[in-house]
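Right, one structure below, let's go through it.
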């Protein structure tokens, strides 16, 4: 009897995503999570080998019950062991929580900052502005996926 309960409880993985402001996502029985690491894209399913990887600014895909959910993840780390994927991200948003107008405004501000930093030969500001641009573009991309664009 205990074996049947264990089988039902372990049909997928648990995905937990946390940021400095709190938990963004926490779901069980996920069939597949696809993370974008600095070493490339990795698909994680039940019984995957333990993993610790630095994440890039990119989307994170979660597949469960024939549905795919997309999140905008802006850097951080992913750790997987014992069928638990924990993502500690600088920031993360589900596609449904992204304010597209705000993301587009952030993109425009970042492009302006890049132009000013290039004119001033300010390498430190240029780097920060490029990261801000990548984050804004990532959020716009994830929001567009949700809208089917």
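In full-length UniProt numbering, the protein residues as written are 1 to 149.
Ideal Cβ positions, reconstructed from N, Cα and C, are used throughout, including at glycine.
Small disclaimer: the values here were computed from a predicted structure and weren't measured.
| Query | Result |
| --- | --- |
| What does a CB cutoff of less than 6 angstroms around residue 139 pick up in its chain, not counting 5 residues either side in sequence? | 72, 98 and 103 |
| Which ranges does the alpha helix (DSSP H) cover as unbroken runs of at least 4 residues, wholly within the stretch 96 to 126, from first to last along the chain? | 100 to 120 |
| Does the beta-carbon distance from residue 15 to residue 31 come in below 8 angstroms? | no |
| Given that a residue counts as buried once 16 or more other Cβ atoms are within 10 Å of its Cβ, and exposed if not, what is residue 93? | buried |
| Check residue 82 in the structure and name its three-state DSSP category. | coil |
| Using 10 angstroms around the beta-carbon of residue 129, count the other beta-carbons present and answer buried if the total reaches 16, otherwise exposed. | buried |
| Using CA atoms only, rank isn't needed, just tell me which of 82, 105, 55 and 20 is closest to residue 74. | 55 |
| Please return the same chain residues whose Cβ sits closer than 7 angstroms to the Cβ of residue 134, not counting the five positions on each side in sequence. | 57 |
| Roughly how many angstroms separate the alpha carbons of residue 36 and residue 87, rounded to a whole number? | 11 angstroms |
| If contacts are defined as beta-carbon pairs under 8 angstroms, then residue 81 and residue 12 qualify, I think. What distance do you get, rounded to the angstrom? | With a Cβ gap of about 15 angstroms, residue 81 and residue 12 do not count as contacting. |
| With distance defined between alpha-carbon atoms, name the residue in 47, 115 and 61 nearest to residue 83. | 47 |
| Is residue 52 closer than 8 angstroms to residue 77 when the C-beta atoms are compared? | yes |
| Strictly by DSSP, which residues pair up with residue 38? | Answer by DSSP bridge pairing: none, since residue 38 is not bridged. |
| Specify the secondary structure class of residue 6 as computed by DSSP and reduced to three states. | Here the model assigns residue 6 a pLDDT of 45, short of 50, so the residue's position is not dependable, and the following value carries that caveat. In this structure, residue 6 counts as helix in the three-state DSSP scheme. |
| If we ignore side chains and look at the alpha-carbon of each, how far apart do residue 95 and residue 145 end up? | 8 angstroms |
| Roughly how many angstroms lie between the CA atoms of residue 118 and residue 125, to the nearest whole one? | 9 angstroms |
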